[in-house]
Ligand SMILES: [Fe+2]
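Numbering (my numbering), first residue to last: 6 to 168.
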C-alpha cells in the first residue's frame with residue numbers, strides 16, 4: 006500500500022499528511038469525470054511527493070520517479086509523479102532550471118488532476134486559486150506563462166463544473 010511505502014522511504018510526516026490531503030482533493034475533482042482512472046489517481050496522488058524523502062528541491066519529482074520505479078510502478082504512475090510540479094514545466098523552462106530537458110507538462114486527465122489537486126492544497130489545507138496565483142507571482146520569476154497554464158487547468162477541472 007502506498008502509505009506504507011511513504012513510511013518505508015522515511016518520507017517526512019508532514020509530507021505524508023500533505024499527500025493524503027492531495028489524494029482527497031484529487032478524488033473530489035475526479036468525481037466530475039466518469040472516465041478518470043480512480044485507482045491510478047490514488048496511487049499517483051499518494052506517491053507524488055515520495056521524492057521529498059530525498060530532496061525538497063524541484064528534482065524531488067525526478068527522484069520520486071526513481072523510487073516508484075524501484076517498487077515496480079507502471080509508467081502511468083511514474084508520469085503523474087514526474088509531471089506534478091505546478092501546472093507543469095515546459096521543455097524550455099526545464100532547460101533553464103537545469104532539469105533533464107523534456108516537457109514535464111501533465112498530459113493525461115489523471116496527471117492533470119493530481120497536479121492541480123496539489124496546487125490547491127497548501128500543507129494539508131485547501132486553498133483557493135487566488136491564493137495560488139499570489140504565491141506563484143511571489144515565488145516564480147516571469148510567472149505569467151505558469152499562471153496561464155494554472156488557469157487553464159483550473160478551468161478544465163474545476164470552473165467548468167461550477168454554476
Ligand atoms: Fe511535489
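A virtual CB, placed ideally from N, CA and C, is assigned to each residue, including glycine. As the structure is a prediction and not an experimental result, all values here were calculated from the model.
Item to check | Exposure of residue 103, with buried meaning 16 or more beta-carbon neighbours within 10 Å | outcome: Along the chain shown, one-based indexing puts residue 103 at 98. Burial call: exposed.
Next on the checklist: For a test of your reading of the model: does the CB of residue 89 fall under 7 angstroms from any non-hydrogen atom of ligand 1? Yes or no.
Outcome noted: Taking the chain shown and counting its residues from 1, one reaches residue 89 at position 84. At least one heavy atom of ligand 1 is nearer than 7 angstroms to the Cβ of residue 89, so yes.
Item to check | Supposed contact pair residue 89 and residue 123 - C-beta distance, whole angstroms, cut 8 angstroms | outcome: Mapped onto the chain shown, residue 123 falls at position 118. Mapped onto the chain shown, residue 89 falls at position 84. That pair is a contact at about 6 angstroms.
Checklist entry - Ends of the alpha helix (DSSP H) at residue 135? => result Indexing the chain shown from 1 puts residue 135 at position 130. Run containing residue 135: 134 to 144, per the alpha helix (DSSP H) assignment.
Checklist entry - Would you report the Cα separation of residue 50 and residue 147, rounded to the nearest angstrom? => result Within the chain shown, residue 50 is the residue found at index 45, counting from 1. Within the chain shown, residue 147 is the residue found at index 142, counting from 1. In a straight line, the C-alpha of residue 50 is about 28 angstroms away from that of residue 147.
Next on the checklist: Taking 7 angstroms as the cut-off, is the beta-carbon of residue 121 closer than that to any non-hydrogen atom of ligand 1?
Outcome noted: Working through the chain shown from its first residue, we reach residue 121 at position 116. Residue 121: no, Cβ never under 7 angstroms from ligand 1.
Next on the checklist: Contact defined as beta carbons within less than 8 angstroms: I believe residue 119 pairs with residue 46. What is the distance between those atoms, to the nearest angstrom?
Outcome noted: Locating residue 119 in the chain shown gives position 114, where the first residue counts as 1. Locating residue 46 in the chain shown gives position 41, where the first residue counts as 1. A Cβ-Cβ separation of about 6 angstroms places residue 119 in contact with residue 46 under the 8 angstroms criterion.
Checklist entry - Who pairs with residue 163 in a beta bridge, going by DSSP? => result Taking the chain shown and counting its residues from 1, one reaches residue 163 at position 158. Paired residues: none, contrary to the question.
Item to check | 8 angstroms Cβ cutoff met for residue 66 and residue 56 | outcome: Looking up residue 66 in the chain shown gives position 61. Looking up residue 56 in the chain shown gives position 51. The criterion of a C-beta distance shorter than 8 angstroms is satisfied by residue 66 and residue 56.
Checklist entry - Which residues in the same chain have their Cβ closer than 6 angstroms to the Cβ of residue 162, if we skip the five residues on either side of it in sequence? => result Against the chain shown, residue 162 aligns to sequence position 157. Once the five neighbours on either side are set aside, the close Cβ partners of residue 162 are 34, 121.
Next on the checklist: Would residue 61 and residue 85 be called neighbours here (beta carbons separated by less than 8 angstroms)?
Outcome noted: Translated into the one-based positions of the chain shown, residue 61 becomes position 56. Translated into the one-based positions of the chain shown, residue 85 becomes position 80. Between residue 61 and residue 85, the C-beta spacing is not below 8 angstroms.
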